[in-house]
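A short write-up of the structure that comes next.
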Amino acid sequence: MARVTVEDAVDQIGNRFDLILVASRRARQLAIQGKDAMVPWKNEKPTVIALREIEEGFIDAARLDAEEQQATKRQDADELAAVDAIRGIS
14 MARVTVEDAV DQIGNRFDLI LVASRRARQL AIQGKDAMVP WKNEKPTVIA
64 LREIEEGFID AARLDAEEQQ ATKRQDADEL AAVDAIRGIS
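Each residue of the sequence shown is one higher than the one before, counting from 14 in our numbering.
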């Protein structure tokens, strides 16, 4: 099992509190949403993978925010298209 220290990841984010928020958001993406890991997944839990990604500089709050905004825009566009299809507008 790989050992990840919080101190290595804190340097990338800035403080422990923001690190917890970013790591938990990323771990949820990996565990629930099925997102692909950016580091090799070696039979580790999503929280460990999230911390490793942060430590290596692949993930930060800005990247997570941008991904969520894109997902929201896609969902909104799909919903509008579905409403238009129901109303008979092309």
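Beta carbons: idealized from backbone N, C-alpha and C, even for Gly. Here the structure is a predicted model, which is why all the values come from computation and not from measurement.
Quiz item: Roughly how many whole angstroms lie between the Cα atoms of asparagine 28 and aspartate 73?
Solution: 12 Å
Practice problem: Using only the heavy atoms of the ligand SAM, determine whether one of them is closer than 7 Å to the beta carbon of glutamate 80. | Solution: This structure simply doesn't include the ligand SAM, nor any ligand for that matter.
Quiz item: What separation, rounded to the nearest whole angstrom, lies between the Cα atoms of asparagine 56 and isoleucine 62?
Solution: 10 Å
Practice problem: May I ask which residues mark the beginning and end of the alpha helix (DSSP H) holding valine 35? | Solution: 29-44
Practice problem: Could you tell me the distance, in whole angstroms, from the CA atom of alanine 84 to the CA atom of aspartate 31? | Solution: 22 Å
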